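Asks: In our numbering, the protein residues as written are 331 to 700. Glycine included, each C-beta is placed from N, C-alpha and C at the ideal position. It should be emphasised that the depicted structure is a prediction, and the values quoted were computed from it without experimental measurement. Below is a structure I'd like to ask you about.
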Amino acid sequence: MSKEKIPYRVMISGGGTGGHIYPALAIAQEIKQRYPDTKFMFVGARGRMEMVKVPAAGFAITGLWISGIQRKLTLSNLLFPVKLIASLVKSWLLVSKFKPHAVIGTGGYASGPVSMVANAKGIPLLIQEQNSFPGLTNRKLAAKAKKVCVAYDHMDRFFKKEQLVLSGNPVRKDIIHYAEQKEAGLKKYDFNDNKPVLMVMGGSLGARTINECILDSIDVLIESGIQVLWQTGKIYYKNILKEVKGMDLTNIRIVEFIDEMEKAYAVSDVVISRAGALSISELCLVGKAVIFVPSPNVADDHQTKNAQALVDVNAALMVTDSDAPKFLVKHAVDLLNHTDKQIELGKNIRNLAKPEATKTIVDEFEKILN
Numbered sequence: 331m332s333k334e335k336i337p338y339r340v341m342i343s344g345g346g347t348g349g350h351i352y353p354a355l356a357i358a359q360e361i362k363q364r365y366p367d368t369k370f371m372f373v374g375a376r377g378r379m380e381m382v383k384v385p386a387a388g389f390a391i392t393g394l395w396i397s398g399i400q401r402k403l404t405l406s407n408l409l410f411p412v413k414l415i416a417s418l419v420k421s422w423l424l425v426s427k428f429k430p431h432a433v434i435g436t437g438g439y440a441s442g443p444v445s446m447v448a449n450a451k452g453i454p455l456l457i458q459e460q461n462s463f464p465g466l467t468n469r470k471l472a473a474k475a476k477k478v479c480v481a482y483d484h485m486d487r488f489f490k491k492e493q494l495v496l497s498g499n500p501v502r503k504d505i506i507h508y509a510e511q512k513e514a515g516l517k518k519y520d521f522n523d524n525k526p527v528l529m530v531m532g533g534s535l536g537a538r539t540i541n542e543c544i545l546d547s548i549d550v551l552i553e554s555g556i557q558v559l560w561q562t563g564k565i566y567y568k569n570i571l572k573e574v575k576g577m578d579l580t581n582i583r584i585v586e587f588i589d590e591m592e593k594a595y596a597v598s599d600v601v602i603s604r605a606g607a608l609s610i611s612e613l614c615l616v617g618k619a620v621i622f623v624p625s626p627n628v629a630d631d632h633q634t635k636n637a638q639a640l641v642d643v644n645a646a647l648m649v650t651d652s653d654a655p656k657f658l659v660k661h662a663v664d665l666l667n668h669t670d671k672q673i674e675l676g677k678n679i680r681n682l683a684k685p686e687a688t689k690t691i692v693d694e695f696e697k698i699l700n
């Protein structure tokens, strides 16, 4: 970027889940650090979590009337063409008024209309694809994108080789130095450093299958003496507390949401997780032994593809959602009792980490402006 062009105007579209929002914020923060006078406009989907998370991070955001297509016949599906046209019109007006030097799309419902308008107007577009199997929107939009930053190898199956940059996914900076937080983590959760810790998480809203597996096998976990940090998610938290009332929870910590992930990672030996792109990127960085339970309720079954990419190089274990009730806790206990296997998986997953992901993406962003 040449200094004469400051202040830059950058439009960033994406959201729907943390996997789209946090990379977008990390990229914006890196651009802002390099060029403090940059003007930003975030565009999200009305009613989705980005409309709260982005302002909380200090950036303005505008919402589009847009949503995804459900797997069954619903009013929302019938309204989709109307929403798409309305969102394209609004995106055109926003882009015309803001006149961005470039647009960044990180995926999610709102990313499509804004990126389509950028392509139509000849505005440089950078796409950041988090998953090993990109969604249809990004596959279509990438035809005119200047750069596509990806987190997995072999993405030339979907995008042109000359567009591709293997950057990895941006992660929260505090995760990078997680190891320094072990003592603070032990204190926060009142854990014994001499006993193994199983960390269970299913995303900010929780994962029903994972929660049911832990609840159904909680007697096994109690008897094993394993310490458990269990993030239930907002939807399930109160009901689970009712279910476990009266049980011996000396070694089990049940929380609605983990607010300091670096401390949680620092104390954990084995992690049970869904296979969202952001979670995988963080787990690669911290190098923990992981059992993935991919969500079956995502487009193109991309979480299974994400997890399989790690399983193929012996960097993680995977239990399908349907097999989880029978095998998940058993595999977790077995893994906690086999330190050598934990070390092997941890080493292999750490080899896939891309700690400089945000820097790499913004380097590429600078290139497309020049």
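Given 8 angstroms as the limit, tell me if V501 has its C-beta closer than that to any heavy atom belonging to the ligand SAH.
Replies: Only the bare structure without any ligand can be found here, which leaves the ligand SAH out of the picture.
Asks: Pick helix, strand or coil for T392, following the three-state DSSP scheme.
Replies: Correct three-state label for T392: strand.
Asks: Could you tell me the distance, in whole angstroms, from the CA atom of A662 to the CA atom of V649?
Replies: Their backbone Cα atoms lie some 10 angstroms apart in a straight line.
Asks: Can you give me the C-alpha to C-alpha distance between G438 and G374, rounded to a whole angstrom?
Replies: If I take the Cα positions, the gap works out to 8 angstroms.
Asks: With a floor of 4 residues, list each alpha helix (DSSP H) that falls wholly inside the segment 480-536, ordered by position along the chain.
Replies: 503-506, 512-519, all fully within the segment 480-536.
Asks: With three or more C-beta pairs closer than 8 angstroms as the rule, is the segment 495-504 touching the segment 462-476?
Replies: Not touching, per the Cβ criterion.
Asks: Verify whether the separation of the beta carbon atoms of I621 and L658 is less than 9 angstroms.
Replies: Yes, these two residues count as a Cβ contact at 9 angstroms.
Asks: For N636, does the count of other Cβ atoms within 10 angstroms reach 16, so buried, or fall short, so exposed?
Replies: Buried.
Asks: Measure the C-alpha to C-alpha separation of I602 and T562 and round it to an integer number of angstroms.
Replies: Going from the Cα of I602 to the Cα of T562 covers about 12 angstroms.
Asks: Excluding the 5 residues preceding and the 5 following A514 in the sequence, name in chain order all residues of the same chain whose CB lies nearer than 8 angstroms to its CB.
Replies: K593, A596, listed in sequence order.
Asks: Indicate the three-state DSSP secondary structure (helix, strand or coil) for L456 in the structure shown.
Replies: Three-state result, L456: strand.
Asks: By DSSP, does F619 sit in helix, in strand, or in coil?
Replies: Going by the sequence as given, residue 619 is Ala instead of Phe. In the structure shown, A619 sits in a strand (DSSP, three-state: E or B).
Asks: To the nearest angstrom, report how far apart I544 and A481 are at their CA atoms.
Replies: Approximately 31 angstroms between the Cα atoms of the pair.
Asks: How would you call M577, buried or exposed, if buried means at least 16 neighbouring beta carbons within 10 angstroms?
Replies: Result: exposed.
Asks: Would you kindly work out how many angstroms separate the C-alpha atoms of G349 and V574, rounded to a whole number?
Replies: Roughly 31 angstroms separates the two Cα atoms.
Asks: Out of A509, Y519, L640, D546, which has the shortest C-alpha to C-alpha gap to K656?
Replies: Comparing Cα-Cα distances from K656 to each of A509, Y519, L640, D546, the minimum goes to D546.
Asks: Under a CB-based cut-off of 9 angstroms, is H350 close to chain B?
Replies: The structure shown has no chain B; it contains just one protein chain.
Asks: How many angstroms separate the CA atom of E542 from the CA atom of H431?
Replies: Looking at the two C-alpha atoms, the distance is approximately 48 angstroms.
Asks: When you compare the segment 378-391 with the segment 407-426, are there three or more beta-carbon pairs, one atom per stretch, that lie closer than 8 angstroms?
Replies: As far as the Cβ criterion goes, the segment 378-391 does not touch the segment 407-426, which means the pair count is below three.
Asks: Taking 9 angstroms as the cut-off, decide whether the C-beta atoms of G606 and A683 are in contact.
Replies: For G606 and A683, no; Cβs fall outside 9 angstroms.
Asks: Taking DSSP as the reference, what is the three-state secondary structure of V433?
Replies: Strand at V433.
Asks: Quick check on S397: buried or exposed, where buried means 16 or more other Cβ atoms within 10 Å of its Cβ?
Replies: Per the 10 Å Cβ criterion, buried.
Asks: When the Cα atoms are used, what is the spatial distance from V623 to P337?
Replies: Using only the alpha carbons, I get a separation of about 44 angstroms.
Asks: Tell me, please, which residues DSSP counts as bridged to K564.
Replies: K564 pairs with nothing; no bridge assigned.
Asks: Could you spell out where the beta strand (DSSP E) holding M341 opens and where it closes?
Replies: Residues 339-343.
Asks: By Cβ distance, which residues of its chain are closer than 6 angstroms to I582, with the 5 residues on each side in sequence left out?
Replies: Answer for I582: V558, listed in chain order.
Asks: When we look at the beta-carbon of R487 and count the other beta-carbons within 10 Å, is it buried (16 or more) or exposed?
Replies: Burial call: exposed.
Asks: Do you know offhand how far A645's Cα is from S611's?
Replies: Going by the C-alpha atoms only, they are around 12 angstroms apart.
Asks: Using 9 angstroms as the threshold, is the C-beta distance between L665 and A629 below it?
Replies: Contact: no.
Asks: Whole angstroms is fine: what's the gap from L608's alpha carbon to F587's?
Replies: Roughly 16 angstroms between the two C-alpha positions.
Asks: Relative to the alpha-carbon of I466, which residue among G442, C479, L455 has its alpha-carbon at the smallest distance?
Replies: The amino acid occupying residue 466 in the given sequence is Leu; Ile does not appear at that position. Nearest of G442, C479, L455 to L466, Cα basis: G442.
Asks: By a C-beta neighbour count over all protein chains shown, 10 Å radius and 16 as the cutoff for buried, is F492 buried or exposed?
Replies: A quick correction: the sequence has Glu, not Phe, at residue 492. Answer is exposed; the Cβ neighbour count stays below 16.
Asks: Express the C-alpha separation of K427 and A639 in angstroms, rounding to a whole number.
Replies: Each residue's Cα considered, the two are about 42 angstroms apart.
Asks: Can you find the residues in the same chain that come closer than 7 angstroms, C-beta to C-beta, to R339, ignoring five residues on each side of it along the sequence?
Replies: Cβ within range, chain order: K369, F428, K429, P430, H431.
Asks: Less than 9 angstroms separating the beta-carbons of L471 and I698?
Replies: Cβ atoms of L471 and I698: not closer than 9 angstroms.
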